[in-house]
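Structure first, then comments.
2 protein chains.
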Amino acid sequence: MAVRTRRGEPLSLDEIHATALRLIDAGGAEALSMRKLAAELDVNPMSLYHHVENKTALLAGVCGLAISQLRLPPDDGRPWQEQLRALAHAYRSLAQAHPRLWAYVHEHPEVVDRKEGMGAVLRRILHAAGVPERDVEATSEILYAFVTGFVYAETRDHLGEHPGAEDVDRSYEIAIRLILAGLASGEAFDTQP
Amino acid sequence: MAVRTRRGEPLSLDEIHATALRLIDAGGAEALSMRKLAAELDVNPMSLYHHVENKTALLAGVCGLAISQLRLPPDDGRPWQEQLRALAHAYRSLAQAHPRLWAYVHEHPEVVDRKEGMGAVLRRILHAAGVPERDVEATSEILYAFVTGFVYAETRDHLGEHPGAEDVDRSYEIAIRLILAGLASGEAFDTQP
DNA sequence: AGCTCCAGCCATACGCTGTATGGATACGCT
DNA sequence: AGCGTATCCATACAGCGTATGGCTGGAGCT
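Protein chains in written order, with UniProt numbering: chain A, 1 to 193; chain B, 1 to 193.
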């Protein structure tokens, strides 16, 4: 079952994912090529294809690995405002841990299943916030878009230059409060009963 | 000055931009290649480089052409809410006119100068909305991120399947109202004087 | 008229990409 | 002993952006 490889140990999927993530962190997803990855692993490029279907599957795997790190806030008794803050914070932390990978995620939203995990928690919170039932789904999509839009822009800028973490955090605070106040007002949902 | 070309007329930058936009509308920016574009124009690939520095410059040109279509709402006396709606609407219309090109714009924000046009109008409106001076800049960036995030998601989904334009417009209405209510509340800006 | 200049166009080539195809190797199992 | 199979590798193909350099033929000048 084992073939004498030019390196010691045979390849493993985890090792592939880990090195791919390293390369992406260093140079972005567009700097990742199967050949460079193979070189990094001291392996023939084609060997990768025995562990991974193709490059997009590889990238999906790496993204899934990162997403699985997301720690969703539990449904404790805290007010919905705090729970929403916690959820946004968890998402933002994830993005900040691997900004370049997250750029890829933003550009390929299909790798993250919004129906799962995150989406459910978000809908629960919106329900608690008094959003009318028929608008919970749409509002969930909207807030997801707002947060991803903000975090995308933030991580992008952050890669370029460092404008002072204080300003950034203040911006983040303003953004969150805008959303909370908008939700709390209830003015967004009263077109017809 | 003119060389017998394999087609009749010599190439022009406008013609290049127009056909590039057509190809992008049809298959997205990633389906645009210099060779395909040249074939479409019945010209040798290298001929393009006498009118365009390279591919990214070409894409920037096409984007700029689209962006120049943006009709910024004038500073009439209307309340800031309506002006903000108008601005968002203008932006959204632009994206909907060329969704696939806009996907590229979202993924390469550097092609659009936020300091210019759009940004100035947005800051003016926020000022009228009573946003404290020191937070106008940050809030402008935030709203820009919110709107682009929403429009990006919307145009993306819209490319996949057609979930009914009514739902989409209702979502858009909710999103706008969320922002307006959040701004109107003033709760986002009272950390310290 | 003859000259140069050069804008516009094209042919060739290089290094890069993802991956289809098929062959080599070496272990576990019967 | 021999087979199945998991893993790895060599070669090759089509496509990409573009560097380099050569051709052509009108414009402008002497």
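Quick reminder that beta carbons are idealized off the backbone N, C-alpha and C, glycines included.
task: Verify the CB distance criterion: does G149(B) have a CB-CB separation below 9 Å to chain A?
output: Counting from one through the second sequence, the residue named residue 149(B) turns up at place 149. So, interface residue.
Neighbour list for G182(B) in chain A, Cβ cutoff strictly below 7 Å: The residue labelled residue 182(B) in the question sits at position 182 within the second sequence. In chain order, L178, I179, A181 and G182 make up the part of chain A whose C-beta sits under 7 Å from the C-beta of G182(B).
task: Whole angstroms is fine: what's the gap from A39(A)'s alpha carbon to A20(A)'s?
output: Locating residue 39(A) in the first sequence gives position 39, where the first residue counts as 1. Locating residue 20(A) in the first sequence gives position 20, where the first residue counts as 1. Our two residues, A39(A) and A20(A), have alpha carbons roughly 11 Å apart in a direct line.
- prompt: Using 8 Å as the Cβ pair cut-off and three pairs as the minimum, do the region 37–56 of chain B and the region 94–105 of chain B touch?
  reply: no
message: So for A129(B), helix, strand or coil by DSSP?
response: By 1-based counting over the second sequence, the position of residue 129(B) is 129. Of the three classes helix, strand and coil, the one that applies to A129(B) here is coil, per DSSP.
- request: Determine, using beta carbons only, whether E141(B) and R114(B) come nearer to each other than 9 Å.
  value: Taking the first residue of the second sequence as position 1, residue 141(B) is located at position 141. Taking the first residue of the second sequence as position 1, residue 114(B) is located at position 114. Contact: yes.
query: Does any residue of chain B bring its CB to less than 9 Å from the CB of A120(A)?
result: One-based indexing of the first sequence puts residue 120(A) at position 120. By this cut-off, A120(A) is not an interface position.
query: On the premise that I24(A) lies in contact with residue 196(A), defined as a C-beta separation below 8 Å, what is that separation, rounded to the nearest angstrom?
result: Because chain A is modelled from 1 through 193, residue 196(A) falls outside the range shown and cannot be assessed.
Alpha-carbon to alpha-carbon, D169(A) and G182(B): Locating residue 182(B) in the second sequence gives position 182, where the first residue counts as 1. Locating residue 169(A) in the first sequence gives position 169, where the first residue counts as 1. Each residue's alpha carbon lies about 19 Å from the other.
field: Cβ neighbours of L84(A) in the same chain (closer than 6 Å, five flanking residues each side left out)
entry: Here residue 84(A) refers to the residue found at position 84 when the first sequence is read from its first residue. If the five residues before and after L84(A) are omitted, its C-beta is found closer than 6 Å to the C-beta atoms of I125, all from its own chain and listed in chain order.
N- and C-terminal bounds of the alpha helix (DSSP H) containing M34(B): To locate residue 34(B), count along the second sequence from 1; it is residue 34. Start and end: M34 to L41.
query: In chain B, which residues lie with their C-beta within 9 Å of the C-beta of A90(A)?
result: Translated into positions along the first sequence, residue 90(A) becomes position 90. From the beta-carbon of A90(A), no residue of chain B is found nearer than 9 Å; the closest lies around 18 Å away.
message: Measuring alpha carbon to alpha carbon, tell me which residue in A103(B), S12(B) and L87(B) is nearest R78(B).
response: Here residue 78(B) corresponds to residue number 78 of the second sequence, with the count starting at 1. It is L87(B) whose Cα lies nearest to the Cα of R78(B).
query: Between R100(B) and chain A, is there a C-beta pair that is closer than 9 Å?
result: Residue 100(B) sits at position 100 when you count from the first residue of the second sequence. Not closer than 9 Å to any Cβ of chain A, the Cβ of R100(B) fails to qualify, so no.
- prompt: In chain A, which residues lie with their C-beta within 8 Å of the C-beta of E141(B)?
  reply: Against the second sequence, residue 141(B) aligns to sequence position 141. Ordered by position in chain A, the residues that pass the 8 Å Cβ test against E141(B) are A153 and S171.
query: Given R71(B), which residues of its chain have a CB within under 8 Å of its CB, disregarding the five upstream and five downstream residues?
result: Sequence index remark: in the second sequence, residue 71(B) carries index 71 (1-based). In chain order, A90 place their CB closer than 8 Å to the CB of R71(B), counting only its own chain and leaving out the 5 sequence neighbours on each side.
- request: Leaving aside the five residues before and after L13(B) along the sequence, list all residues of the same chain whose C-beta is less than 7 Å from its C-beta, in chain order.
  value: Counted from its first residue, the second sequence places residue 13(B) at position 13. Excluding positions up to five away in sequence, the list reads H51.
message: For A138(A) and R177(B), what's the separation of their Cα atoms in angstroms?
response: Here residue 138(A) refers to the residue found at position 138 when the first sequence is read from its first residue. Here residue 177(B) refers to the residue found at position 177 when the second sequence is read from its first residue. One C-alpha to the other measures close to 13 Å.
Option nearest E187(A) by Cα separation, candidates A188(B), A184(B) and F189(B): In the first sequence, the residue the question calls residue 187(A) occupies position 187. Here the closest residue by C-alpha is A184(B).
query: Going by other Cβ atoms of all chains shown within 10 Å of its Cβ, with 16 needed for buried, is A31(A) buried or exposed?
result: Indexing the first sequence from 1 puts residue 31(A) at position 31. Of the residues assessed, A31(A) falls on the exposed side of the cut-off, its CB having fewer than 16 other CB atoms within 10 angstroms.
- request: Examine chain A for any beta-carbon lying closer than 9 Å to the beta-carbon of D25(B), and answer yes or no.
  value: In the second sequence, counting from the first residue as 1, residue 25(B) sits at position 25. Closer than 9 Å: no.
task: Please say whether Q69(A) and A129(A) have beta carbons closer to each other than 9 Å?
output: Translated into positions along the first sequence, residue 129(A) becomes position 129. Translated into positions along the first sequence, residue 69(A) becomes position 69. Cβ distance not < 9 Å, so A129(A) and Q69(A) don't count as in contact.
task: Could you name the residues of the same chain whose beta carbon sits closer than 6 Å to that of V151(A), not counting the 5 residues immediately before and after it, in chain order?
output: The residue given as residue 151(A) occupies position 151 in the first sequence. R92 and A95, listed in sequence order.
- prompt: For the candidate residues I67(A), K36(A) and P109(A), whose alpha-carbon lies nearest to that of G117(A)?
  reply: Here residue 117(A) refers to the residue found at position 117 when the first sequence is read from its first residue. Measuring from the Cα of G117(A), the nearest candidate turns out to be I67(A).
- prompt: Using a Cβ-Cβ distance under 9 Å, would Y144(A) count as near chain B?
  reply: As a working note, residue 144(A) is residue 144 in the first sequence. Judged by the 9 Å Cβ criterion, Y144(A) is in contact with chain B.
- request: Measure from the C-beta of I174(A) to each C-beta in chain B and report whether the shortest distance is under 9 Å.
  value: For this step, residue 174(A) is matched to residue 174 along the first sequence. Look at I174(A): its C-beta is under 9 Å from a C-beta on chain B.
message: Within 10 Å of its beta-carbon, does M1(B) have 16 or more other beta-carbons around it, so buried, or fewer, so exposed?
response: By one-based count along the second sequence, residue 1(B) stands at place 1. Reliability of the predicted coordinates at M1(B) is poor, the pLDDT of 47 falling under 50, and the value obtained from them is presented with this limitation in mind. Around the beta carbon of M1(B), fewer than 16 other beta carbons lie within 10 angstroms, which makes this residue exposed.
- prompt: If you drop the 5 nearest sequence neighbours on each side, which residues of the same chain put their C-beta closer than 7 Å to that of V105(B)?
  reply: The sequence position of residue 105(B) within the second sequence is 105, counting from 1. C63, V111 and V112, listed in sequence order.
field: Within-9 Å CB hit, P74(B) to chain A
entry: Within the second sequence, the letter at position 74 stands for residue 74(B). Chain A has no Cβ within less than 9 Å of the Cβ of P74(B).
query: Does DSSP classify R71(B) as helix, strand or coil?
result: As a working note, residue 71(B) is residue 71 in the second sequence. Residue state, collapsed to three classes: coil.
query: With 16 as the cutoff for other CB atoms within 10 Å, does E166(A) come out buried or exposed?
result: Numbered from 1 along the first sequence, position 166 holds the residue referred to as residue 166(A). The residue in question, E166(A), is exposed, as its Cβ has fewer than 16 Cβ neighbours within 10 Å.
task: Assign L178(B) to one of three DSSP states: helix, strand, or coil.
output: As a first step, residue 178(B) is located in the second sequence; it is residue number 178 there, counting from the start. In the structure shown, L178(B) sits in a helix (DSSP, three-state: H, G or I).
query: Do the CB positions of Q155(B) and A153(A) come within less than 9 Å of each other?
result: Residue mapping note: residue 155(B) aligns to position 155 of the second sequence, counting from 1. Residue mapping note: residue 153(A) aligns to position 153 of the first sequence, counting from 1. Here residue 155(B) turns out to be Thr, not Gln, going by the sequence shown. Against a cut-off of 9 Å, the Cβ pair of A153(A) and T155(B) comes out as no contact.
query: Does DSSP put H51(B) in a helix, a strand or coil?
result: Translated into positions along the second sequence, residue 51(B) becomes position 51. It is coil, neither helix nor strand.
message: In chain order, what are the residue ranges of uninterrupted alpha helix (DSSP H) at least 4 long that sit wholly in the region 56–122 of chain A?
response: 80–97 and 99–107
message: Residues of chain A with CB closer than 8 Å to the CB of R156(B), please, in chain order.
response: For the purposes of this step, residue 156(B) is taken as the residue at position 156 of the second sequence. Simply P109.
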